[in-house]
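Only one structure is covered here, and it is reproduced in the block below.
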Amino acid sequence: MPVQSIYEVFARKNHEEQLQHVGSVNAPNDELAKVYAWTAYDEESWIEMCVVPRKQVIPVLNPDAKPIWGN
Amino acid sequence: MPTFKSASELSETQRQALRALMLALADTKLFLGFHYGEWTFGTPALEACIAACSMSQDEFGHLRLLHACLATQFSAQSQELLERRGLSTFANVPSLDKPLQSWSDFVAVNLLTDGAMTALLSALQRSAFEPVANFIDKMLEEEKHHVRNAQGWFRSLATANEQTQTALADSCRRVLASTLEWLGPNEQEMANTLTTAGILNMPWSQVQQKFLDWVGALAEEQRLDMGLEKQNSHWLPRHAMDFTTWNPITRRSTATQPDEKLLYHLRGSKNAIFKLGEA
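Protein chains in written order, with our numbering: chain A, 37 to 107; chain B, 41 to 319.
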């Protein structure tokens with residue numbers, strides 16, 4: 037049974053800009069996470085966008101604290 | 041291969057063949073846009089609502105481009121394309137004639153009907169007919185997300201539980217049969233005309249086979265029986281389809297047509313008094 041995971045979404049508008057965290061989506065697999073990120077955060081003309089499973093993010097400081105995105 | 045800057049450079053046979061194909065593509069996108077839009081509510085996940093709504097906007101954007109091309113190149117009046125057409129003249133894929141009953145119907149239409157349109161768009165890339173070649177790449181770029189959405193949901197439902205697998209298999213078999221009816225026989229006079237002129241970049245049978253091979257591989261991967269079987273490394277319908285009564289204009293074998301209530305809603309007939317005139 038597929039379960040939903042949280043994916044963090046990162047994007048940038050031009051090559052001079054660094055990738056920035058723009059939000060998160062819930063998805064059962066990577067394929068849907070990509071679609072959901074693209075459709076949910078379409079307010080800008082991004083030149084790059086990527087998703088990262090939240091479980092794969094390794095906190096460096098305060099590993100027990102909530103991540104910066106809060107939820 | 042010579043290119044055509046406008047429809048006035050085409051022969052009458054080429055004009056008729058291209059007009060019919062573009063109208064059938066536009067009709068299918070009209071109904072895809074409507075059904076995707078209807079599923080802005082009631083999806084199994086919030087993100088899926090946003091994706092459905094976004095795909096609806098894409099389809100209506102594509103429809104607008106196709107209608108503009110039909111109007112400028114083939115002198116089709118905008119009202120003739122939607123508002124003043126008899127139900128029996130619509131050439132959309134029949135799977136879209138009625139409201140989609142369940143999420144598995146949505147996923148099947150997203151995968152198979154929209155997928156078949158993407159296969160057709162690929163065959164129109166670098167078309168010798170320049171007005172079409174100009175917008176195909178943009179459409180295909182947006183369709184990538186539709187394919188991803190469809191595959192993502194197909195794989196999720198196919199591996200969820202027996203109930204969702206059964207519902208998905210039923211929806212896929214029904215929608216695939218309807219989509220293959222629209223794709224029609226291997227040999228089509230009008231499609232041959234377009235391929236010979238370079239307006240389609242491959243023979244029609246190749247468009248069908250590319251679509252079937254993609255669907256067959258997905259079905260095999262998820263062990264879901266869609267009524268296809270592998271023969272000499274290619275996927276084909278297990279039972280040959282009967283196209284003796286197939287109409288190349290409506291792309292239907294039987295006297296099916298869109299639901300009247302659905303079209304009433306889609307046309308905005310209820311709000312006809314608020315429509316503004318055209319300059």
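Cβ coordinates follow ideal geometry from the N, Cα and C atoms, glycine included.
So which residues on chain B does residue i lean against when the C-beta distance must stay under 7 angstroms?
| i | result |
| --- | --- |
| A/Ala76 | Glu87 and Ile90 |
| A/Val71 | Ala91, His185, Arg188, Asn189 and Gly192 |
| A/Ala63 | Glu87 |
Could you check what DSSP says for residue i in three-state terms: helix, strand or coil?
| i | result |
| --- | --- |
| B/Ser128 | helix |
| B/Leu276 | strand |
| A/Gln56 | strand |
| A/Tyr43 | strand |
| B/Leu316 | coil |
| B/Met281 | coil |
| A/Val71 | helix |
| A/Val61 | strand |
| B/Glu269 | strand |
| B/Arg59 | helix |
| B/Phe81 | coil |
| B/Arg166 | coil |
| B/Pro171 | helix |
| B/Pro134 | helix |
| B/Arg263 | coil |
Quick one: what's got a C-beta closer than 7 angstroms to residue i's C-beta in the same chain, skipping five residues either side?
| i | result |
| --- | --- |
| B/Ala91 | Asn189 |
| B/Thr219 | Val133, Ser135, Leu152, Thr153 and Ala156 |
| B/Ala131 | Leu63, Ala64, Asp67, Ile289, Thr290 and Arg291 |
| B/Gly256 | Leu268, Lys270 and Trp275 |
Is residue i near the ligand MN, in the sense that its beta carbon is under 7 angstroms from a heavy atom of that ligand?
| i | result |
| --- | --- |
| B/Met179 | Because no ligand of any kind appears in the structure shown, any question about the ligand MN cannot be addressed here. |
Name the chain A residues that come within less than 8 angstroms of residue i, Cβ to Cβ?
| i | result |
| --- | --- |
| B/Ser196 | Pro38, Pro64, Asn65 and Leu68 |
Ordered along the chain, which non-local residues of its own chain (more than five positions away) have a Cβ less than 8 angstroms from that of residue i?
| i | result |
| --- | --- |
| B/Gly238 | Met41, Pro42, Thr43, Ser167 and Ala168 |
| B/Leu140 | His75, Glu78, Trp79, Phe146 and Val149 |
Quick one: which chain A residues come within Cβ less than 7 angstroms of residue i?
| i | result |
| --- | --- |
| B/Ser96 | Within 7 angstroms Cβ-Cβ: nothing; B/Ser96 doesn't reach chain A, min ~11 angstroms. |
Verify the CB distance criterion: does residue i have a CB-CB separation below 8 angstroms to chain C?
| i | result |
| --- | --- |
| A/Glu84 | Here chain C cannot be found, since the structure's protein chains are A and B. |
Could you name the residues of the same chain whose beta carbon sits closer than 6 angstroms to that of residue i, not counting the 5 residues immediately before and after it, in chain order?
| i | result |
| --- | --- |
| A/Glu80 | Lys49 |
| A/Gly59 | Val45 and Tyr77 |
What are the residues of the segment 161-194 of chain B that lie near chain A, defined by any Cβ-Cβ distance shorter than 8 angstroms?
His185, Arg188, Asn189, Gln191, Gly192 and Trp193
Taking 8 angstroms as the threshold, find out whether the segment 53-70 of chain B comes into contact with the segment 110-121 of chain B through three or more Cβ pairs.
yes
Segment contact, 8 angstroms Cβ cut-off, at least three pairs: the segment 221-235 of chain B with the segment 78-88 of chain B:
no
Report yes or no: do three or more beta-carbon pairs, one from the segment 66-75 of chain B and one from the segment 95-102 of chain B, lie closer than 8 angstroms?
Two segments are said to touch when three or more pairs of C-beta atoms, one from each, lie closer than 8 angstroms; by this definition the segment 66-75 of chain B touches the segment 95-102 of chain B.
Taking contact to mean at least 3 C-beta pairs separated by less than 8 angstroms, is the segment 119-127 of chain B in contact with the segment 290-309 of chain B?
yes
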